[in-house]
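Down below is the structure, laid out as C-alpha coordinates.
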Amino acid sequence: MSAPTEDAPAFSGEDIVRLFAATYLPLCRTLEEAGALDPKALSRDIAARIGPDHDEPWAMLAAALCKVLDGEGQ
14 MSAPTEDAPA
24 FSGEDIVRLF
34 AATYLPLCRT
44 LEEAGALDPK
54 ALSRDIAARI
64 GPDHDEPWAM
74 LAAALCKVLD
84 GEGQ
(Lines of atoms letter the chains of each structure in order from A and count residues from 1; the text may use other names and numbers.)
(Lines give C-alpha, C1' and ligand atoms only; values in the text may rest on other atoms or scores of the structure.)
Protein backbone atom coordinates (compact mmCIF):
# COMPACT_ATOMS: atom_id res chain seq x y z
CA MET A 1 0.00 0.00 0.00
CA SER A 2 1.31 3.44 -0.80
CA ALA A 3 1.91 6.10 1.82
CA PRO A 4 -0.99 8.49 2.50
CA THR A 5 -0.80 11.87 0.84
CA GLU A 6 -1.97 15.19 2.21
CA ASP A 7 -5.14 15.14 0.09
CA ALA A 8 -6.11 11.54 0.93
CA PRO A 9 -7.19 10.40 4.38
CA ALA A 10 -5.39 7.57 6.13
CA PHE A 11 -7.43 4.89 7.85
CA SER A 12 -6.32 2.39 10.45
CA GLY A 13 -7.73 -1.11 10.77
CA GLU A 14 -9.70 0.06 13.79
CA ASP A 15 -11.24 2.86 11.70
CA ILE A 16 -12.42 0.34 9.14
CA VAL A 17 -13.94 -1.89 11.84
CA ARG A 18 -15.78 1.08 13.34
CA LEU A 19 -17.07 2.18 9.94
CA PHE A 20 -18.25 -1.34 9.18
CA ALA A 21 -20.00 -1.66 12.53
CA ALA A 22 -21.58 1.79 12.23
CA THR A 23 -23.10 0.97 8.84
CA TYR A 24 -23.68 -2.79 8.74
CA LEU A 25 -25.23 -3.32 12.17
CA PRO A 26 -27.89 -0.59 11.83
CA LEU A 27 -28.76 -2.03 8.42
CA CYS A 28 -29.16 -5.48 9.97
CA ARG A 29 -31.38 -4.08 12.72
CA THR A 30 -33.55 -2.24 10.20
CA LEU A 31 -33.92 -5.37 8.07
CA GLU A 32 -34.76 -7.42 11.16
CA GLU A 33 -37.47 -4.93 12.18
CA ALA A 34 -38.92 -5.17 8.67
CA GLY A 35 -39.00 -8.96 8.94
CA ALA A 36 -36.47 -9.37 6.14
CA LEU A 37 -33.56 -10.72 8.18
CA ASP A 38 -33.02 -13.32 10.88
CA PRO A 39 -29.87 -12.15 12.74
CA LYS A 40 -29.22 -15.58 14.28
CA ALA A 41 -29.40 -17.25 10.86
CA LEU A 42 -27.06 -14.61 9.42
CA SER A 43 -24.70 -15.19 12.33
CA ARG A 44 -24.67 -18.94 11.62
CA ASP A 45 -24.01 -18.30 7.91
CA ILE A 46 -21.13 -15.94 8.65
CA ALA A 47 -19.63 -18.32 11.24
CA ALA A 48 -19.79 -21.20 8.76
CA ARG A 49 -17.62 -19.22 6.33
CA ILE A 50 -14.90 -18.17 8.77
CA GLY A 51 -12.87 -21.33 8.23
CA PRO A 52 -9.60 -22.28 9.90
CA ASP A 53 -7.91 -18.86 9.70
CA HIS A 54 -9.31 -17.55 13.02
CA ASP A 55 -6.29 -15.27 13.56
CA GLU A 56 -6.82 -13.29 10.37
CA PRO A 57 -8.25 -9.78 10.93
CA TRP A 58 -11.30 -10.44 8.74
CA ALA A 59 -12.04 -13.64 10.69
CA MET A 60 -11.84 -11.80 14.01
CA LEU A 61 -14.21 -9.14 12.66
CA ALA A 62 -16.59 -11.83 11.42
CA ALA A 63 -16.51 -13.61 14.80
CA ALA A 64 -17.24 -10.35 16.63
CA LEU A 65 -20.08 -9.61 14.22
CA CYS A 66 -21.52 -13.07 14.88
CA LYS A 67 -21.57 -12.38 18.61
CA VAL A 68 -23.42 -9.11 18.11
CA LEU A 69 -25.92 -10.64 15.69
CA ASP A 70 -26.53 -13.49 18.13
CA GLY A 71 -27.37 -10.94 20.81
CA GLU A 72 -24.30 -11.62 22.95
CA GLY A 73 -22.77 -8.20 22.33
CA GLN A 74 -25.89 -6.10 22.85
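Residue numbers (this note's numbering): 14 to 87. Backbone N, C-alpha and C fix where the C-beta goes; we use that ideal spot for every residue, glycine too.
Limits of the alpha helix (DSSP H) - the one that residue i falls within
| i | result |
| --- | --- |
| Pro39 | Gly26 to Glu46 |
| Pro52 | Pro52 to Ile63 |
| Ala75 | Pro70 to Leu82 |
Alpha carbon of residue i to alpha carbon of residue j, nearest angstrom
| i | j | result |
| --- | --- | --- |
| Arg57 | Asp83 | 9 Å |
| Lys53 | Gly64 | 18 Å |
| Glu45 | Asp51 | 6 Å |
| Gly26 | Gly48 | 32 Å |
Cut-off 7 Å between Cβ atoms - residues of its own chain near residue i, not counting five sequence neighbours on either side
| i | result |
| --- | --- |
| Gln87 | Any reading at Gln87 is ruled out, since the residue's pLDDT is 49, under 50, leaving its predicted position unreliable. |
| Val30 | Leu74 |
Residues of its chain near residue i, where Cβ-Cβ distance is below 8 Å and the 5 sequence neighbours each way are ignored
| i | result |
| --- | --- |
| Tyr37 | Leu78 |
Proximal residues to residue i (C-beta, below 6 Å), its chain only, five neighbours per side dropped
| i | result |
| --- | --- |
| Ala72 | Ile63 and Asp66 |
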